[in-house]
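Participant: This structure is in structure tokens; I'll ask about it shortly.
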Amino acid sequence: MDNPFKQIIEHQQVPEVLREKVMDDIRLIKLSLDMADLVAIKYPSSILDIFGSTTKKKDNDKNK
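UniProt numbering numbers the first residue of the sequence shown as 1 and each following residue consecutively.
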């Protein structure tokens, strides 16, 4: 994929479609980083709870 920013002349206004696409990508990256920070850094026990509940469910299903 070509870099669209190389096609922009210095004094030319950026097309609105391109601007929205870049901003959407930035928002998605920020959301991903915030979610990773929330789950992995601030509440790491939530990962253990998620994996622990699936393990317990599998164990309960095997015991039936």
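We treat Cβ as the ideally placed atom computed from N, Cα and C, and that holds for glycine.
Quick one: measure Cβ to Cβ for A40 and I50, integer angstroms, because I've assumed they're closer than 8 angstroms.
Facilitator: 12 angstroms between Cβ atoms; not a contact.
Participant: Quick one: grab the DSSP three-state call for D2.
Facilitator: coil
Participant: With DSSP run on the structure shown, which of helix, strand or coil describes V14?
Facilitator: coil
Participant: For M35 and G52, what's the separation of their Cα atoms in angstroms?
Facilitator: 20 angstroms
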